[in-house]
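Chemist: Residue numbers (this note's numbering), protein chains in the order written: chain A, 373 to 754; chain B, 69 to 199.
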Amino acid sequence: MSTLLVWKEQLQKIYAKYSTYIMKALQFVLGLCVFGLINSNIGFMKAASSILCTVGLSVVCAFLPLVVMVIAATVLVLLHFYALSMPIALVSLVIFLIMYIFYFRFTPKKAWLVVLTPVAFALKVPFVIPVAFGLLGTPIWVLPAAFGTIAYYMIHFVKVSSSAYKGADAKSLVEGLMAFTKQSLNNKEMWVMVLAVSISILLVYAIRTRSIDHSWKIASAVGAVAAIVVGTAGNIAMNVHLSYVLLTVSGVAAMLAGLILEFLFFSVNYARTERMQFEDDEYYYYVKAVPKVGVSAPEVSVKHINERKEQADSQETVVIDSQDVKQAVEVKKRPPQKRRPAPKPRNQVRKVDHARAADEILLTRSLTRELGLENLEDELNK
Amino acid sequence: MLDKNRIRLMTKMAQYEKSLAPEDLKISSYYKKDYASMNTLITVIWITIGYALAAGLVVLCNVDALLKDLTMTKMFIIIAVAVGAYIILLVVYCVCASSFYKSKHNKAKQRVKMYYRDLSRLGKMYMKEKN
């Protein structure tokens, strides 16, 4: 666990250092996912469904605010629908307009949330969205999740029944309009999933904001189970054909996503929880303080211990002075004299291994006692 | 000479000027009541358009069922339900929009106030340095 925390700390440091580039890269990846999924699923307009267009749009959107990506994705979807059939494009335009009027007018900066939901649905992990939104957001995030679900099912429906709507002439325009509206809005599977996602987000948010221990884990588990239960109930009661494997796998993925999000955004140590009670003139306070888990990443410092040696080795020719050699020989001939140790510089801080030094002192003392060298040392000192 | 506090203050102000200042200055040029009323009115217009579009889709979706055995009473009931739903939606959105825009105005005003305070602090710092 501590290793993971160290990694998290290091990741945070890297993010702090390169946040601009990381955000652009993530935006680019999200753009690739969104435009790639749109073009691969409903690429009815050949010019707009090319890889060049996907990559180009992703690159452009990476350098612009996220709301531009939402607008670009909407326009791309409408273009593809228009290439397939006029009524589909009209109905889709009206649905997108309703989404804008009832929600995005108020929080345009949160519009990108609606893009994440279809991506999660396309990746077959739809229940990750309610758990993630419930853990990180507010109850109002139900709206982008619901709109995203509707948008996904609309695209999915067009993909499945594209042949039926191809090449509608003026006569069949109204008929096509009515048929598409009826079939897309009466899609029971879509409403079951909207209900599952909405209930799950509200449950996750309600549990996550409680002051109970492990609230994030409980919220993730409850949210995932609630979404599975609603999906299953919809299957039974409304005769919807949601795959049970998909529901289960998605639920497990949602729980895992919840754990990862908890680790990243809410790592606390419940074992060291403190409860306090105090009062002032007006209130009694019951405080529960849960300490955060914090591990500082170790800083690696490289110490060059062979620097001087290398310098010496690098010299090919060593010039020896004859006077120095003579002096060295004389010093060797002289009897050894006691020298006073050179005073250590005051400002220099030496790192001492205290444990090792203590062991050495104790060993020396015990050996001195055992060998009877104490008296000898005293005599020598005298 | 470089003053750390002054640089910090200037960075904070530049960040604000780049991100929120243009909108905040525009919002704070209105009185709170005027700003909230104007935006609530705009919301009413948008909600009316949105409701008309949504109602149109619902009608298009259930046109057969609505036109089947259509009598005056049935038509009146349908219109009453539609108008009732519209009024409920309008009231809910007006209340929400009013409180939303009031809080938006409050926050913007607060930020602008802080910005002007920082601006005067910066001016004082310069004066102090000159003297």
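Note that beta-carbon positions come from the ideal geometry of N, C-alpha and C, so glycine has one too.
These numbers come from a predicted model, not from an experiment.
Rounded to the nearest angstrom, what separates A133/B and A536/A at their Cα positions?
Modeler: For A133/B and A536/A, the distance between alpha carbons rounds to 23 Å.
Chemist: Label Y119/B either buried or exposed according to how many other C-beta atoms from any shown protein chain fall within 10 Å of its C-beta, with 16 as the threshold for buried.
Modeler: When all chains shown are included, Y119/B counts as buried.
Chemist: Are the C-beta of C162/B and some C-beta of chain A separated by less than 7 Å?
Modeler: No, no contact with chain A.
Chemist: Taking any Cβ of chain A, which residues in the region 111-124 of chain B have a Cβ under 8 Å from it, in chain order?
Modeler: Going along the region 111-124 of chain B in chain order, one finds T111, W114, I115, I117, G118, L121, A122, G124 with a Cβ nearer than 8 Å to chain A.
Chemist: May I ask you to report which of helix, strand or coil DSSP gives Q720/A?
Modeler: Model confidence at Q720/A stands at a pLDDT of 46, short of 50, so the residue's coordinates are unreliable and nothing is read from them.
Chemist: Would you decide whether D92/B is buried or exposed? Buried here means 16 or more other CB atoms lie within 10 Å of its CB.
Modeler: Flag for D92/B reads buried.
Chemist: In the region 459-485 of chain A, which residues sit with their C-beta less than 8 Å from some C-beta in chain B, listed in chain order?
Modeler: Taking 8 Å as the Cβ-Cβ cut-off against chain B, the residues of the region 459-485 of chain A that qualify are V463, V466, I467, L469, I470, I473, F474, R477, F478.
Chemist: Name the chain A residues whose beta carbon is nearer than 8 Å to that of V131/B?
Modeler: The answer, in chain order, is M550.
Chemist: Quick check on the burial criterion: 16 or more other C-beta atoms within 10 angstroms. Buried or exposed for T645/A?
Modeler: Label assigned to T645/A: exposed.
Chemist: Roughly how many whole angstroms lie between the Cα atoms of E761/A and H726/A?
Modeler: Summary: the structure shown does not reach residue 761/A, with chain A confined to residues 373 through 754, and so no result is reported for it.
Chemist: Any heavy atom of the ligand COA inside 6 Å of the beta-carbon of K198/B?
Modeler: The ligand content of the structure shown is nil, which means the ligand COA is not present either.
Chemist: Just checking: is the beta-carbon of L158/B within a distance shorter than 7 Å of some beta-carbon in chain A?
Modeler: Not closer than 7 Å to any Cβ of chain A, the Cβ of L158/B fails to qualify, so no.
Chemist: Can you give the beta carbon distance from S639/A to V662/A, rounded, assuming they're within the 8 Å contact cut?
Modeler: Between V662/A and S639/A the Cβ distance is about 11 Å, and since that is not below 8 Å, they are no contact.
Chemist: Taking V439/A as part of the alpha helix (DSSP H), name the residues at either end of that continuous run.
Modeler: First-last of the alpha helix (DSSP H) with V439/A: 438-456.
Chemist: Going by DSSP, what residue range makes up the beta strand (DSSP E) through Y98/B?
Modeler: No beta strand (DSSP E) contains Y98/B, which DSSP labels as neither H nor E.
Chemist: Alpha carbon to alpha carbon, what distance is there between K675/A and R741/A?
Modeler: Cα-Cα distance, rounded: 39 Å.
Chemist: By Cβ distance below 6 Å, which residues in the same chain neighbour N607/A in space, the five residues on each side in sequence not counted?
Modeler: Hits under 6 Å: L614.
Chemist: Within its chain, find whatever has a CB closer than 8 Å to the CB of K496/A; leave out the 5 residues flanking it on each side and keep chain order.
Modeler: Cβ neighbours of K496/A beyond the five flanking positions: L618, V621, S622.
Chemist: From which residue to which residue does the beta strand (DSSP E) around Y658/A run?
Modeler: Residues 656-661.
Chemist: Quick one: is F134/B near chain A, going by C-beta distance under 7 Å?
Modeler: Checking the sequence, you will find Leu at residue 134/B rather than Phe. It does not; no Cβ of chain A falls within 7 Å.
Chemist: Taking the CB atoms as reference points, tell me whether T521/A and V566/A lie closer together than 7 Å.
Modeler: Cβ atoms of T521/A and V566/A: closer than 7 Å.
Chemist: Helix, strand or coil, according to DSSP, for M373/A in the structure here?
Modeler: In this structure, M373/A counts as coil in the three-state DSSP scheme.
Chemist: Please work out which residues of its chain come closer than 7 Å, Cβ to Cβ, to V721/A, disregarding the five sequence neighbours upstream and downstream, and give them in chain order.
Modeler: Any answer about V721/A is weak, because its pLDDT of 44 lies below 50 and its placement is not dependable; what the coordinates show is given next. If we look at V721/A and ignore the five residues flanking it on each side, it has no Cβ neighbours.
Chemist: Could you check whether the region 167-177 of chain B touches the region 96-111 of chain B, counting it as contact only if at least three pairs of C-beta atoms, one from each stretch, sit closer than 8 Å?
Modeler: Yes, the region 167-177 of chain B touches the region 96-111 of chain B.
Chemist: Could you have a look at V667/A and say whether DSSP puts it in helix, strand or coil?
Modeler: Coil, per DSSP.
Chemist: Could you tell me the alpha carbon to alpha carbon distance between N719/A and L377/A, rounded to whole angstroms?
Modeler: Residue confidence for N719/A is low, a pLDDT of 47 falling below 50, so the modelled location carries little weight; the figure read from the coordinates is stated next. About 36 Å.
Chemist: Find the residues of chain A that neighbour Y168/B, judging by a C-beta separation of less than 8 Å, and give them in chain order.
Modeler: Note on residue identity: the sequence assigns Phe, not Tyr, to residue 168/B. Going along chain A in sequence order, the residues near F168/B (Cβ under 8 Å) are F478.
Chemist: Here's the rule: buried if 16 or more other CB atoms are within 10 angstroms of the residue's CB, otherwise exposed. What is T392/A?
Modeler: Classification for T392/A: exposed.
Chemist: Any Cβ of chain A within less than 7 Å of the Cβ of L93/B?
Modeler: L93/B does not count as touching chain A.
Chemist: Taking the alpha-carbon positions, what's the L424/A to V440/A distance?
Modeler: Near 19 Å, if we compare the C-alpha coordinates of V440/A and L424/A.
Chemist: Do the region 437-452 of chain A and the region 404-423 of chain A make contact, defined as three or more Cβ pairs closer than 8 Å?
Modeler: Yes, the region 437-452 of chain A touches the region 404-423 of chain A.
Chemist: If we count Cβ pairs, one from each stretch, closer than 8 Å, do we get three or more for the region 432-439 of chain A versus the region 514-530 of chain A?
Modeler: No: fewer than three Cβ pairs fall under 8 Å.
Chemist: Assuming S572/A and V463/A make a contact with CB atoms under 8 Å, what is their CB distance in whole Å?
Modeler: With a Cβ gap of about 28 Å, S572/A and V463/A do not count as contacting.
Chemist: Would you call C164/B buried or exposed, if buried means 16 or more other Cβ atoms sit within 10 Å of its Cβ?
Modeler: By the neighbour-count rule (16 or more Cβ atoms within 10 Å), C164/B is not buried but exposed.
Chemist: Any beta carbon from chain B within less than 7 Å of K554/A's own beta carbon?
Modeler: K554/A counts as touching chain B.
Chemist: Does M417/A come out as helix, strand or coil in the three-state DSSP assignment?
Modeler: Coil.
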